[in-house]
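In the working numbering, the protein residues as written are 3 to 717.
Quick reminder that beta carbons are idealized off the backbone N, C-alpha and C, glycines included.
These notes concern the structure reproduced below.
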Ligand code: BGC
């Protein structure tokens, strides 16, 4: 008999339900504090999994209780939200997406996993794979933006990074693809609100990242808090059981979101906790995080006959199998056994700095305002986010809450040692107080440049952080207007460094700033990364993974829209448009400048008939006509012009990179698998349809600037 079957045959119902329970915990000087429970529950085997316990000492202590003081000695699964780093914080996922670099995404996850595992953790609740096309939604910060292809590539890279080559190795942790699925299109961008989308959008936009995660071997998946057309995801049998398990073959662990099983009652699909627990179990949810619905509700559900012991056993097997795969039975202390060497931590911070610098997305750079010369004499660093180390963290900080985070001022001081640096906040991030503005304006006299650090507080994005006005909060716009005016009169350039967990609506900054850097939230090394870009040590190369709206009324705005029967056409009023704002975004998906200047030419497609090859090779020549060496990201889109179903005007199918010195030209080669030309037909079954496919290649989703080629698809 296998270890798992043997254990199962010995377990009481209470012990089985313990394995299906994950409880939040903390730690005090007196020892572990388990939410609503005590360590006695670990001892009697009625809590089998924990989340939120931090530090190698505390994790070891609770693991010892489980392994050495319980009847069956089953180790705990211990999870934490390691979303963009553990102690060393990397850029938020939205910022990291701007790299369009799968290897870098994998590497930061690998490093975060090593750091987390060395704290005794065996699971993270990441990657977050929710496609977001609505910047009102605060959780936009946690994902990869608006595109399913990009999010799918992120999914693969992150799963590989967290889980490494073997789940059982001491530095691997189980990844958790979340939140399954279609959490991004919450009604009106309001957190936790209902979702109603078409089957097509579900299958073409929101499911592909999860398909990719499952194909990459993700160990666990978390259903979303939300409902989809009235069925809460935590109880969504058709998607969890029929689609995820039966169709995709996912046999890992489904872990509920925090209290989501209990919330089935609030959704209005369960009358009591036993009902809620039965719905979730029947849908295939293995672990109940924080609702205590399985421990309290399933015994009643068993009596009612709404679940069977077999239903419970199936879930227990899956949880035990995960623990086995993680190597926890063989050596429960393999994670957290030894502290990491100081040089490892130093190297990790350097990686965070490099990734941070590459995530910075330069939205505007008039008259080559940036980079600043290292010999600049005086620099004024103004704004509420200039000297704000803790604000650099971003939406999830895992164990990094109290680590030192480098703010802009500190980074600039180090990066410009011979420059006189002056600073004034001007105003707080979100207050009505303008009294600090005059002092800030003083610093615009007699200075060579102003670095104006504006944006959201780190807590204004992430979970439960939807904003109806995704703009500069407080009096920052007043500060910006005053600084622009004052500086312009004196001929002083103003460089805006903008912090946000989402694209913001910033028409004034876009118009008046001489240079504009989207710095998102870059984590531990933020200030140094920003300094590297401002000084020109690093040429910015981030490309926005989301369209930036001109006005909130354009939301949801994304490049993958269909043409409609009345596409915008100049001079014709009865076309799809606004009376008061253009249709296009302020900055399109993929936009991002560098210190180079790139020109595209000579698009080649071989073969030009897709039925002749499994993979089409698309080549384009790129030349750097600028004065600085820089890296360029090249995007490959397709458009199926005539099909049985109207297709989006652009579908992202690939991206590549090239680094070029001034005057240099190179060729970027992008591979397009012919299978990528399949789409969901009228009956939502995958089809290839003969015809002409447009191949569009260039620097962003601004369609008119893309090089156009053609590919034939014959039967
Ligand atoms: C969030 C999840 C997270 C969980 C555990 C929930 O509120 O929605 O994304 O993993 O808490 O912290």
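Which residues in the same chain have their Cβ closer than 7 Å to the Cβ of residue 306, if we skip the five residues on either side of it in sequence? 276.
**Message:** Any heavy atom of the ligand BGC closer than 7 Å to the beta-carbon of residue 160?
**Reply:** no
Is there contact here, the stretch 411-421 with the stretch 114-134, by at least three beta-carbon pairs under 8 Å?
no
| said: Only counting the same chain, and skipping five residues up and downstream in sequence, which positions put a Cβ closer than 8 Å to that of residue 570? | reply: 577, 578, 579, 585
Could you give the distance in angstroms between the alpha-carbon of residue 695 and the alpha-carbon of residue 701? 20 Å
With a 10 Å radius around its C-beta and 16 neighbouring C-beta atoms as the bar for buried, classify residue 42 as buried or exposed. exposed
message: So residue 1 and residue 130 are supposed to be a Cβ contact under 8 Å. How far apart are they, rounded?
response: With the chain running from 3 to 717 in the structure shown, residue 1 is simply not present.
| Cβ of residue 54 within 8 Å of Cβ of residue 27? | yes
Next on the checklist: Give me the DSSP bridge partner(s) of residue 681.
Outcome noted: 689
I'd like to check one pair, residue 477 with residue 434: are the Cβ atoms closer than 8 Å?
yes
Any chance the CB of residue 204 is under 7 Å from a heavy atom of the ligand BGC? no
| Does the distance from the C-beta atom of residue 186 to that of residue 469 stay below 8 Å? | Result no, Cβ atoms of residue 186 and residue 469 do not sit closer than 8 Å.
Exercise for the section: Count the other CB atoms, across all protein chains shown, that sit within 10 Å of the CB of residue 132; report buried if there are 16 or more and exposed otherwise. Expected result: buried
**Q.** Local conformation of residue 140 per DSSP, three classes
**A.** helix
Collapsed DSSP secondary structure at residue 383 in the structure displayed | strand
Does the ligand BGC have even one heavy atom less than 7 Å from the beta-carbon of residue 181? yes
- Could you spell out where the beta strand (DSSP E) holding residue 424 opens and where it closes? 422-426
Discussion item. Going by DSSP in three states, residue 364 sits in which element: helix, strand or coil?
Written reply: strand
Self-check item: Beta bridge counterpart(s) of residue 714 as assigned by DSSP
Solution: 611, 694
**Request:** Could you tell me whether any non-hydrogen atom of the ligand BGC is closer than 7 Å to the CB of residue 259?
**Result:** yes
Which residue or residues does DSSP assign as beta-bridge partners of residue 550? 589
query: Do you know whose CA, among 511, 334, 711, lies nearest residue 79's CA?
result: The shortest C-alpha separation from residue 79 is found at 334.
message = Let me check understanding here. Comparing Cα to Cα, which of 92, 500, 179 lies closest to residue 457?
response = Restricting attention to 92, 500, 179, the CA atom closest to the CA of residue 457 is found in 500.
Original post:
Between residue 96 and residue 126, which are expected to be in contact by the criterion C-beta below 8 Å, what is the C-beta distance as a whole number of angstroms?
Top reply: About 18 Å separates the two Cβ atoms, so there is no contact after all.
Legend entry - Whole-angstrom distance between residue 199 and residue 232, CA atom to CA atom: Each residue's CA atom was taken as its position, placing residue 232 and residue 199 some 11 Å apart.
Return the CA-CA distance between residue 670 and residue 606, expressed in angstroms with no decimal places.
In a straight line, the C-alpha of residue 670 is about 11 Å away from that of residue 606.
Helix, strand or coil, according to DSSP, for residue 156 in the structure here? helix
| query | Buried or exposed: where does residue 311 fall if 16 or more other Cβ atoms within 10 Å of its Cβ makes it buried? | reply | Residue 311 should be labelled exposed.
Closest by C-alpha distance to residue 587, when choosing among 64, 373, 436, 136: 136
Of all the options 89, 161, 5, which has the alpha carbon lying nearest to the alpha carbon of residue 105? 161
Could you give the first and the last residue of the continuous beta strand (DSSP E) run that contains residue 625?
617-626
- Message: Please report the distance separating the alpha-carbon of residue 342 from that of residue 598.
- Response: 39 Å
Three or more beta-carbon pairs under 8 Å between the stretch 542-551 and the stretch 354-373, yes or no? yes
Practice task
Tell me the start and end of each unbroken alpha helix (DSSP H) in the stretch 65-121 that is at least 4 residues and wholly inside, in chain order.
Solution key: 95-99, 104-119
Can you tell me which of the three DSSP states residue 183 falls into?
coil
Mind checking who residue 34 pairs with in its DSSP beta bridge? As a beta-bridge residue in DSSP terms, residue 34 pairs with 29.
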